[in-house]
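In terms of the UniProt record's numbering, the sequence shown is residues 1 to 504. Worksheet for the structure shown next.
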Amino acid sequence: MHEQECPWLKSQFAEDGTVTGKPCRDRKCCVWKDLKQWFGYKAPFLSRNAFEQTFRDVAHGGTGIYEKLSIEGGALLRKAAVENGPNDVDHTLFISGIARLIFTHAQRERGVHLLGNLYRNKEAGMINDHGNLYRFGRLYLSAAQTMTSPRAVANYVRVCTAFGLNALTGPHQHAQPTEWLPTLILHLGKFFENSDDSHRRLVWDLQVYMGYAHQTLLPRIRECFQDPSTTPAATETPGDTLLTTFSQEYFYKLYETNHGHAGELACEFARIETEKFTSSLALQVFACLYLRLHLIFINQPIDLCTWRSPEEAKAIFINLLGACWSISPKNKRCIWMANIFETLRQIQLSLALFKISQIQTQGSNRFALWEPNVPHKQMQQQQPAKSDTDGCSLSWLANAVKYVGNQCMGALDSNAQEEHAPPEIESSRGGRPEPITGCMMQQQRTNLQQPTGSLPVQVCVSRDKMAQTHANIKFPLDPLDHNRPLPHHAHVNTRKTRLRINIE
Numbered sequence: 001m002h003e004q005e006c007p008w009l010k011s012q013f014a015e016d017g018t019v020t021g022k023p024c025r026d027r028k029c030c031v032w033k034d035l036k037q038w039f040g041y042k043a044p045f046l047s048r049n050a051f052e053q054t055f056r057d058v059a060h061g062g063t064g065i066y067e068k069l070s071i072e073g074g075a076l077l078r079k080a081a082v083e084n085g086p087n088d089v090d091h092t093l094f095i096s097g098i099a100r101l102i103f104t105h106a107q108r109e110r111g112v113h114l115l116g117n118l119y120r121n122k123e124a125g126m127i128n129d130h131g132n133l134y135r136f137g138r139l140y141l142s143a144a145q146t147m148t149s150p151r152a153v154a155n156y157v158r159v160c161t162a163f164g165l166n167a168l169t170g171p172h173q174h175a176q177p178t179e180w181l182p183t184l185i186l187h188l189g190k191f192f193e194n195s196d197d198s199h200r201r202l203v204w205d206l207q208v209y210m211g212y213a214h215q216t217l218l219p220r221i222r223e224c225f226q227d228p229s230t231t232p233a234a235t236e237t238p239g240d241t242l243l244t245t246f247s248q249e250y251f252y253k254l255y256e257t258n259h260g261h262a263g264e265l266a267c268e269f270a271r272i273e274t275e276k277f278t279s280s281l282a283l284q285v286f287a288c289l290y291l292r293l294h295l296i297f298i299n300q301p302i303d304l305c306t307w308r309s310p311e312e313a314k315a316i317f318i319n320l321l322g323a324c325w326s327i328s329p330k331n332k333r334c335i336w337m338a339n340i341f342e343t344l345r346q347i348q349l350s351l352a353l354f355k356i357s358q359i360q361t362q363g364s365n366r367f368a369l370w371e372p373n374v375p376h377k378q379m380q381q382q383q384p385a386k387s388d389t390d391g392c393s394l395s396w397l398a399n400a401v402k403y404v405g406n407q408c409m410g411a412l413d414s415n416a417q418e419e420h421a422p423p424e425i426e427s428s429r430g431g432r433p434e435p436i437t438g439c440m441m442q443q444q445r446t447n448l449q450q451p452t453g454s455l456p457v458q459v460c461v462s463r464d465k466m467a468q469t470h471a472n473i474k475f476p477l478d479p480l481d482h483n484r485p486l487p488h489h490a491h492v493n494t495r496k497t498r499l500r501i502n503i504e
């Protein structure tokens, strides 16, 4: 494929009128071919003015537009990778499996969303990686074949991306980004996508994140997987020491920057924040989501149904830090270690925001948000007490709590022997339960004392129009016989009344 009026093509006609099969040596024609095939360029040729201004760097007499487009193209690639990230079944199962290992059942749904965003950002960074763009350029782009360094090839791919997305020669000469950008992102992601060989996958991740310069796993790398609880003997500096040192230095400078001075308070601040950092879930998320250490078993294929615990994956990650630090050159290991710490810090802050959002959406009993008498709950103030027929001053809420609690105690005592099915209790009259009155409460008062070994039930009745048909009943799990399992929730039903019992 050649552009119109290609000077090299005219010189290659044989005597019989055919064209030789040699690749084109005209740089402008090669750039046009790359733009035509991969970056949505539709014009039959590339003007000399556009080529000289856009695709000539400063070292060869350019105006600096090439360098600016290289920076802009990298940012556009990251953004496009996030928006066009993978959503297939394998990635969904992978993220859901990590959420099941790390988060609780109540946090799992929102945790999947958080891990999905982190995973898309991670893949966006890997797509824009120099090594990944270099492999793509060498394999698919004609103009990249004569470039001498991986960085030059990566910058060329970024410039072509910015050229196509910005439509620098006019909108009529460029296709819409939706026609070519998803295909480009798909091919860029093929170089680091899931591999059945855990060996190759681990080597690739170590090269990207820890500056690993080898194509095979060294014995000291394999040793990290044999006994994760112990540090390999050949390790120069343990991984946990590296994390502690980098985090203390970071938080010390953070305090100094914010407060303008350093001293004992800065040291104390750095110590406390370092303990929070090293004990957070950020290390487990990085080990599982970024390095897949919970799925990687040496010389075994990756199986999404076979995994190790997040704690074990974290221990392997710390051992790998120490091993790669020991074999990396001194002028490079501080760079990749700083990048890893920056990523871990971003994950830690994302998890902190995740916890705050959980409290905002679901609440927390830690702050007594559900207590009816707290002053900041305007809608949960108690109603004025009313005297029953026996002269006892009990509010309607207290009557309801005692009555429902007594009824549920009887239901639990009679149905706790069933191991699987939740107890279902129907009203003896088959209709709506009788209204709660003072006489009824006087009759039930003798049964309010809990027998020995009974369950302390806590009942909270909602104070709305449905107060007579809805109640939340909670009782602890400790007094139960652990040899006989009980469902995590039970329902007490009448024809129009349903009570949900949550075991804490």
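Even for Gly, the Cβ is constructed at its ideal location relative to N, Cα and C.
For residue i, which beta-bridge partners are listed by DSSP?
{"i": "Y41", "result": "H174"}
Is the beta carbon of residue i less than 8 Å from the beta carbon of residue j?
{"i": "T169", "j": "A282", "result": "no"}
{"i": "T229", "j": "I296", "result": "Thr is not the amino acid found at residue 229; the sequence shown has Ser there. In this structure, I296 does not lie closer than 8 Å to S229 by Cβ."}
{"i": "V82", "j": "S96", "result": "no"}
{"i": "R120", "j": "R108", "result": "no"}
{"i": "R308", "j": "R201", "result": "no"}
{"i": "Y66", "j": "V159", "result": "yes"}
{"i": "G322", "j": "T231", "result": "yes"}
{"i": "W336", "j": "E236", "result": "no"}
{"i": "G164", "j": "L254", "result": "no"}
{"i": "F354", "j": "L114", "result": "yes"}
{"i": "F286", "j": "T245", "result": "no"}
{"i": "L133", "j": "V153", "result": "yes"}
{"i": "A175", "j": "G40", "result": "yes"}
{"i": "Y252", "j": "A266", "result": "yes"}
{"i": "L289", "j": "I98", "result": "yes"}
{"i": "L76", "j": "T161", "result": "yes"}
{"i": "Y156", "j": "A167", "result": "no"}
{"i": "I298", "j": "R222", "result": "yes"}
{"i": "F103", "j": "F191", "result": "no"}
{"i": "I318", "j": "D205", "result": "no"}
{"i": "H2", "j": "C24", "result": "yes"}
{"i": "Q358", "j": "R110", "result": "yes"}
{"i": "S247", "j": "T216", "result": "no"}
{"i": "G125", "j": "R56", "result": "no"}
{"i": "G211", "j": "R333", "result": "yes"}
{"i": "P150", "j": "H172", "result": "no"}
What are the start and end residues of the alpha helix (DSSP H) that includes residue i?
{"i": "S280", "result": "No alpha helix (DSSP H) contains S280, which DSSP labels as neither H nor E."}
{"i": "P310", "result": "P310 to I327"}
{"i": "A50", "result": "R48 to T54"}
{"i": "E223", "result": "P219 to Q226"}
Quick check on residue i: does DSSP put it in helix, strand or coil?
{"i": "A270", "result": "helix"}
{"i": "H261", "result": "coil"}
{"i": "H2", "result": "coil"}
{"i": "H105", "result": "coil"}
{"i": "E83", "result": "helix"}
{"i": "R78", "result": "helix"}
{"i": "Y212", "result": "coil"}
{"i": "W180", "result": "helix"}
{"i": "residue 506", "result": "The structure shown does not extend to residue 506, since the chain spans only 1 to 504, so no value can be given for it."}
{"i": "E236", "result": "coil"}
{"i": "C288", "result": "helix"}
{"i": "L344", "result": "helix"}
{"i": "K68", "result": "helix"}
{"i": "F191", "result": "coil"}
{"i": "C30", "result": "helix"}
{"i": "D205", "result": "helix"}
{"i": "P485", "result": "A caution first: P485 carries a pLDDT of 45, below 50, which makes its placement in the model unreliable, though a value can still be read off. Coil."}
{"i": "D90", "result": "helix"}
{"i": "S229", "result": "coil"}
Under a CB-based cut-off of 8 Å, is residue i close to chain C?
{"i": "L243", "result": "In summary, chain C is missing from the structure at hand, where a single protein chain is found."}
request  = Ignoring anything shorter than 4 residues or poking outside the segment 122-166, list the alpha helix (DSSP H) runs there in chain order.
outcome  = With a minimum length of 4 residues, the continuous alpha helix (DSSP H) runs that stay inside the segment 122-166 are 130-140 and 150-166.
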